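Worksheet: the structure to be examined is printed underneath.
Chains as they are written, first to last, in the numbering used here: chain A, 1 to 266; chain B, 1001 to 1170.
Following this line, the structure appears as structure tokens:
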């Protein structure tokens, strides 16, 4: 059973890691202001046609104006800083949640795929905790929020592992080499160890099995710590090969919830 | 009780892997797809859309002289600090996602509809222009095509051209 102090530790760790993730994302968005300017590739004047309701377009035009969008990003950075330093509040989390949804619409639903999805999951978990805390016992609301984040995080690994295991090209290890060759940092060097079929197969099976058995992390806090430690190394490797730095931070923010929930029910 | 609920949840997720359900689509579902993550990363190997483009310059006899087709694909140098700040790489990945979405839009396009009306078409035109200008600063005419490429561990084994744009002026 998680003690009140334990719950506080978990929630603070979660908010702190989420704040880092949001802060780093926002700094990147600010750096990419040119891409979302009127002359940039992602000009809103083009993307606004994605919005099916023509009456809604002028409202979003106002929000997506480069100066307004930039202000939103700066406010998000300040909000992330507040979340990290002093913890959340209903108003702060509502702002971060709504701001994130707006940013996702600005980037046609996602800028960086899964990391955006997981960021929204953690924010939704916080929203459950803070909104729920207004109506029921805050500790109970926090448990609901933590379980929401945990189930999504566990499902992300579990699903990702099993869909690969069902594919023959992953079971043989060939898929890993193919995806690595298409990575943004360039194809594997001709003598790279992952080009050897046996080693690629071993690598593929190692992380498929770890992903597919991830729900076991909830059996005991030590197991949760072990699974999350391996997950951190896994995300570092994904960053190293595919450049997906946001995935590392987005999933790291879920680990306190996973460890917390593994304690909650023993 | 929690263990029973958790076991049921795991079973439901497993069932979702096997059972086929209809795909629900819509503009808002696309824009808000972050609320419905399927968590299937890098799972399927098959034909992948790739963007190719070429630029034209005016020859001395007044005719257009076309360059070779050039692969428009993000490649960057790896740096350790990218773990903390990786704006350019993430922008490159977003551009490749745009190409994937363009392919999906083309695939779903009703017969008789014009691809040039697609938002993704217009964004891809902007992407091609920006990329070609890096190697052809005086770009004034260009063309692009979307190829579906199948790869194995050694490289591309099969290519199909899915669409070719008309010759476009800047």
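All C-beta atoms in this analysis are idealised placements derived from N, C-alpha and C, irrespective of residue type, glycine included.
This structure is a prediction, so every number in the text was calculated from the model and none was measured.
Please list, in chain order, all residues of the same chain as residue 1151 of chain B whose beta carbon is under 6 Å from its beta carbon, the five residues on each side excluded.
Residue numbering aside, residue 1151 of chain B sits at position 151 when the second chain is read from its first letter. Nothing listed; no residue qualifies.
Based on Cα-Cα distance, which residue from B:1143, B:1076, B:1141 and B:1072 lies nearest to residue 1100 of chain B?
Taking the first residue of the second chain as 1, we reach residue 1100 of chain B at position 100. Among B:1143, B:1076, B:1141 and B:1072, the Cα nearest to that of residue 1100 of chain B is on B:1072.
Is the stretch 214 to 232 of chain A touching the stretch 248 to 266 of chain A in the sense that three or more CB pairs, one from each, lie closer than 8 Å?
They touch, by the three-pair rule.
Does the Cβ of residue 173 of chain A have 16 or more other Cβ atoms within 10 Å, making it buried, or fewer, making it exposed?
What you label residue 173 of chain A is simply residue 173 of the first chain in a count that begins at 1. It counts as buried.
Report the CB separation of residue 1009 of chain B from residue 1147 of chain B in whole angstroms; it is logged as a contact under 8 Å.
Position 9 of the second chain, counting from 1, holds the residue named residue 1009 of chain B. Position 147 of the second chain, counting from 1, holds the residue named residue 1147 of chain B. In fact, because the Cβ distance is near 42 Å, the residues do not count as touching under 8 Å.
Rounded to a whole number of angstroms, what is the C-alpha to C-alpha distance between residue 36 of chain A and residue 1168 of chain B?
Position 36 of the first chain, counted from the start, is the residue given in the question as residue 36 of chain A. Position 168 of the second chain, counted from the start, is the residue given in the question as residue 1168 of chain B. About 23 Å.
Determine the direct distance from the alpha carbon of residue 1033 of chain B to that of residue 89 of chain A, and round the result to whole angstroms.
What you label residue 89 of chain A is simply residue 89 of the first chain in a count that begins at 1. What you label residue 1033 of chain B is simply residue 33 of the second chain in a count that begins at 1. Here the alpha carbons of residue 1033 of chain B and residue 89 of chain A stand approximately 26 Å from one another.
Does the Cβ of residue 1140 of chain B have 16 or more other Cβ atoms within 10 Å, making it buried, or fewer, making it exposed?
As a first step, residue 1140 of chain B must be located in the second chain, where it is residue number 140. If you draw a 10 Å sphere on the C-beta of residue 1140 of chain B, you find fewer than 16 other C-beta atoms in it, and that means exposed.
Residues of chain B with a CB under 8 Å from the CB of residue 169 of chain A: which are they?
Counting from 1 along the first chain, the entry for residue 169 of chain A is found at position 169. Those are 1045, listed as they occur along chain B.
Residue range of the beta strand (DSSP E) that includes residue 1061 of chain B
Taking the first residue of the second chain as position 1, residue 1061 of chain B is located at position 61. No beta strand (DSSP E) holds residue 1061 of chain B; DSSP gives it neither H nor E.
Which residue wins for smallest C-alpha separation from residue 9 of chain A, given the options A:87, A:70, A:29 and A:60?
Position 9 of the first chain holds residue 9 of chain A. Looking at the Cα atoms, A:87 is the closest of the given residues.
Along the stretch 20 to 38 of chain A, what residues have a CB closer than 7 Å to any CB found in chain B?
Answer in chain order: 24, 27, 28, 31, 32 and 35.
Are residue 167 of chain A and residue 1043 of chain B touching if we call contact CB-CB under 8 Å?
Within the first chain, numbered from 1, the residue matching residue 167 of chain A stands at position 167. Within the second chain, numbered from 1, the residue matching residue 1043 of chain B stands at position 43. Inclusion of residue 167 of chain A and residue 1043 of chain B in the CB contact set at 8 Å is warranted, their separation being smaller than that value.
Shorter than 8 Å from the beta carbon of residue 1151 of chain B to some beta carbon of chain A?
Stepping through the second chain from its first residue, residue 1151 of chain B is reached at position 151. Taking CB atoms only, residue 1151 of chain B has a neighbour in chain A less than 8 Å away.
For residue 1071 of chain B, which residues in chain A fall below 8 Å Cβ to Cβ?
Your numbering for residue 1071 of chain B matches position 71 in the second chain. For residue 1071 of chain B, no chain A residue has a Cβ inside 8 Å of its Cβ, as the nearest lies near 12 Å away.
Please report the residue range of the beta strand (DSSP E) in which residue 1152 of chain B lies.
Numbered from 1 along the second chain, position 152 holds the residue referred to as residue 1152 of chain B. Boundaries of the beta strand (DSSP E) harbouring residue 1152 of chain B: 1141 to 1152, taken from the DSSP string.
Indicate the three-state DSSP secondary structure (helix, strand or coil) for residue 1052 of chain B in the structure shown.
Taking the second chain and counting its residues from 1, one reaches residue 1052 of chain B at position 52. It is a strand residue.
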